[in-house]
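Chemist: When the letters of the sequence shown are read in order and numbered with the UniProt record's numbering, they come out as residues 1 to 580.
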Amino acid sequence: MLICLGFSGGVKAATPAPSASVPPSARRPVALCFDREGTRLFVANRNKGSVSVIDVRQRQVVAEYPVGKGLADLVSLPDGTSWLALDQEENAILLLEERHDSLTAVSRQPVKLDPVKLVLTPDGSTCIVASRLGRSVTFFSRGRTPTVTQSTLSLTRSIDLPFSPRDMVLVRDGSTLVVADAFGGKLALINVPEGRLLAVHSLPAHNIRGLALTPDGDSLLLAHQELNPDARAIQDDIQWGALLSNKVRVLKLDPLLELQPDAQSPRTAKTDQVIDLGRFSGDPSALVCDRKGRVILALAGVDQVVTGLDYSHLEIRTGSGKRPTAIALDAEELLGYVADTLDDTVSVFEMKTGKRLAQIPLGPSREPSLAERGERLFYDARLSRGGWMSCQSCHTDGHSNGLNVDTVGDGGYGAPKRVPSLFGTSQTGPWGWTGRNDRLDEQVHQSTVTTVQGVWPTESEVAEISAFLQTLSLPRIPPVAPSKAASAQRGQSLFEANCASCHAKPEYTSPHLHDVGLADEVGQRRFNPPSLRGVQYRAPLLHDGRAKTLDAVFREHRHPRDTPWSDEEITDILNFLESL
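(1) Buried or exposed for lysine 270, please, with buried defined as at least 16 other CB atoms from any protein chain shown within 10 angstroms of its CB.
(2) Look at the alpha carbon of glycine 294 and the alpha carbon of glycine 336, and state the distance between them as a whole number of angstroms.
(3) Quick one: using the 10 Å Cβ neighbour count with 16 as the cut-off for buried, is proline 540 buried or exposed?
(4) Taking the C-alpha atoms as reference points, what is the distance between threonine 176 and isoleucine 573?
(5) Tell me whether arginine 36 is buried or exposed, calling it buried when 16 or more other Cβ atoms sit within 10 Å of its Cβ.
(6) Restricting to Cα atoms, I'd like to know which of Asp290, Asp55 and Ala326 is closest to aspartate 310.
(7) Are the stretch 297-310 and the stretch 348-362 touching, with three or more C-beta to C-beta distances below 8 Å?
(8) Please list, in chain order, all residues of the same chain as arginine 490 whose beta carbon is under 6 Å from its beta carbon, the five residues on each side excluded.
(9) Identify which residue in Pro204, Leu227, Asn228 and Asp160 has its Cα closest to the Cα of arginine 196.
(10) Extract the residue ranges of the beta strand (DSSP E) inside the stretch 175-250, only unbroken runs of 3 or more that lie entirely within it.
(11) Quick check: the Cα distance between valine 56 and proline 478, rounded to an integer number of angstroms?
(12) Report buried or exposed for glutamate 578, applying the criterion of at least 16 other Cβ atoms within 10 angstroms of its Cβ.
(13) Are the beta-carbon atoms of valine 288 and lysine 247 separated by less than 8 Å?
(14) Under 8 Å Cβ to Cβ from leucine 403, same chain only, skipping five residues before and after it: list those, please.
(15) Quick one: residues in its chain with C-beta nearer than 7 Å to the C-beta of glycine 517, no 5 flanking neighbours on either side, listed in chain order?
(16) Is it the case that the Cβ atoms of glycine 124 and arginine 108 are separated by a distance below 8 Å?
(17) What residues in its chain sit with their C-beta under 6 Å from that of residue 586, if we drop five residues either side in the sequence?
(18) Are the beta-carbon atoms belonging to glycine 241 and tryptophan 388 less than 8 Å from one another?
(19) I'd like the span of the beta strand (DSSP E) that includes asparagine 401, first residue to last.
(20) Inspect the beta-carbon positions of valine 119 and leucine 86 and report whether they are closer than 8 Å.
(21) Could you pull the start and end residues of the alpha helix (DSSP H) that serine 393 belongs to?
(22) Could you tell me the distance, in whole angstroms, from the CA atom of proline 564 to the CA atom of aspartate 236?
(23) Which one of Ser320, Ser136, Pro416 and Ile465 has the shortest CA to CA distance from leucine 377?
(24) Relative to the C-alpha of aspartate 254, which residue among Val408, Ile234, Phe576 and Ser219 is closest?
(25) Judging by CA-CA distance, which residue of Ser487, Ser531, Gly523 and Ala485 is the nearest neighbour of alanine 500?
(26) For arginine 533 versus leucine 580, is the C-beta distance shorter than 8 Å?
(27) Any idea if aspartate 410 is buried or exposed, counting beta-carbon neighbours within 10 angstroms, 16 or more meaning buried?
(28) Considering only C-alpha positions, which residue in the set Leu357, Lys69 and Glu98 is nearest to glutamine 58?
(29) Going by DSSP, which residues form a beta bridge with alanine 547?
(30) From the DSSP secondary-structure annotation, give me the bridge partner or partners of lysine 252.
(31) Would a C-beta distance cut-off of 8 Å place arginine 558 and isoleucine 570 closer than the cut-off?
(32) State the beta-bridge partners of histidine 514 as determined by DSSP.
(33) Here's a check: name, in chain order, each residue in its chain whose Cβ is nearer than 8 Å to the Cβ of phenylalanine 140, leaving out the five neighbours to either side.
(34) The alpha helix (DSSP H) spanning asparagine 498 covers which residue range?
(35) Return the first residue and the last residue of the alpha helix (DSSP H) that glycine 374 is part of.
(36) Could you have a look at phenylalanine 423 and say whether DSSP puts it in helix, strand or coil?
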């Protein structure tokens, strides 16, 4: 199916001409890549599961192809007629071919839960998929025949990781894969030819969203955020960036690759340089370094793009569309194309000057819904004092960065609490670790005023953010494997006997505070039990993150109330919890 379009783009976003064949809808562009000739830019749309095609000379969309349900990434293949796309909604990798002036999915291969990123080896023979909630990377091999068919894309191996991956980059001529943590600050090194996990390093970082090599191949650039565990969510700590800051970190590759600690015991990676991006730099996202060392960086939380002659001179700031998240350079590296995810546009920037030359709409616009307006606010760092952070900065992609932060959400300061996931949050009141708010809108108002210390929100803004939070559903939980069914059944009986008074069906929580034998730094012992639905995706655990894994909750911390679990009982209850 081909949708023909005829839109024009200028420096400011233009309103496309109405089209009966293209109803207004939210596309949400998240990935960009050029064709082999460099004359067309292909855009992956998350919400529509479509690929838009832009004629870069005319700077307008010329076609849109529905290929999936919810795309997360897109890369072009060396043959010039094929593309690979990730369908995050369907947990699949798609092989796309141009046939008869159309782009068609000719093959779909299943991948582990929540695929978000893919990379190709230099020769194009292997593609690697990062599955975020699936906590793995999967290798697929491609045949060398001129035409890619279903038989030439096959699974070769899958590697489990001790964290949720997102961004990836190949280094050392494609022999080593660096995989970044989607939520926290871990980096994994994988031997590509052997398909072997070499090491896991850790950084004082979270929300790593940009990975790029310097032209000499000696250093790795990372755009990320950093949360200070010793700061508090008070005006001064937020206003001066003491609580949360936005940075570009430079890592020398040789020390990173030579030090290969135990893969299950992360070590701190040596940092060569850290560039603090300063005020109004919330949520840095995509980062690209060209062959001359020039850098273009998207600041998704403040709707800006930063360019510079090198990573030490990120000096030119230019306004972009709403929430810039992906960047592609043209073949000559004169222009940078940026996906404005919440504007449904692509902006064009001149690398030399940083000037925005055009903003290309992907389709007809319409008035955003209540939840869509809330989505914009959720990702807007300008709601915070100084523009350092947005809701996304801690509740990454609606989930959690897994860190502790000292807010007044529990009634005072001095006892940092783990950032809770927002998946399914509309069904799990009351809110806050001490259950202070009985209504979701009350929690939203309190967080805006006291956690990010921003401008007092209007009633409509609170309603909009609350509406967006109600759209954050739990991921689809894979069914229990037949080999674990009996164990999970035994685990359910154990759970109902030991845990169900605090974590009751159907959401596996309760509206009351409970003392389960844990205390925080100020003596608080009664806590609001979090929902256990999707708990397998929520490490670390307990109110202060003291349990690094779900297993540790029972084996090390003997939760609840020093329960003496046997090894078999722990296995059974874990199999049950992983089914929720």
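Positions of the beta carbon are idealized from the N, C-alpha and C atoms, including for glycine.
Modeler: Taking the structure as given:
(1) exposed
(2) The residue you asked about is not glycine; residue 294 is arginine in the sequence shown. Going by the C-alpha atoms only, they are around 11 Å apart.
(3) buried
(4) 37 Å
(5) It is exposed - the Cβ of arginine 36 has fewer than 16 other Cβ atoms within 10 Å.
(6) Asp290
(7) Yes, since at least three Cβ pairs between the stretch 297-310 and the stretch 348-362 fall closer than 8 Å, the two stretches touch.
(8) Asp572
(9) Nearest C-alpha to arginine 196: Asp160.
(10) 176-181, 186-191, 196-202, 206-213 and 219-227
(11) 42 Å
(12) buried
(13) Not a contact, by the Cβ cut-off of 8 Å.
(14) Gly184, His206, Leu227, Pro229, Cys394, Arg418, Val419 and Gly545
(15) Pro560, Arg561 and Asp562
(16) no
(17) Here the chain comprises residues numbered 1 to 580, so residue 586 is not present and cannot be evaluated.
(18) The Cβ atoms of glycine 241 and tryptophan 388 lie closer than 8 Å to each other.
(19) That residue, asparagine 401, is in no beta strand (DSSP E); it is neither H nor E in DSSP.
(20) Their beta carbons are not under 8 Å apart, which means valine 119 does not touch leucine 86 by this criterion.
(21) 391-394
(22) Roughly 45 Å separates the two Cα atoms.
(23) Ile465
(24) Looking only at Val408, Ile234, Phe576 and Ser219, the smallest Cα-Cα distance to aspartate 254 is reached by Ser219.
(25) Cα-wise, what sits closest to alanine 500 is Ser531.
(26) yes
(27) buried
(28) Answer by Cα proximity: Leu357.
(29) Leu541
(30) Answer by DSSP bridge pairing, in chain order: Ser219.
(31) no
(32) Answer is Phe527.
(33) Cβ within range, chain order: Ile93, Gln109, Thr126, Cys127, Ile128, Val129, Leu153, Ser154, Leu155 and Thr156.
(34) 485-498
(35) In the DSSP assignment, glycine 374 falls within the unbroken alpha helix (DSSP H) covering 370-378.
(36) coil
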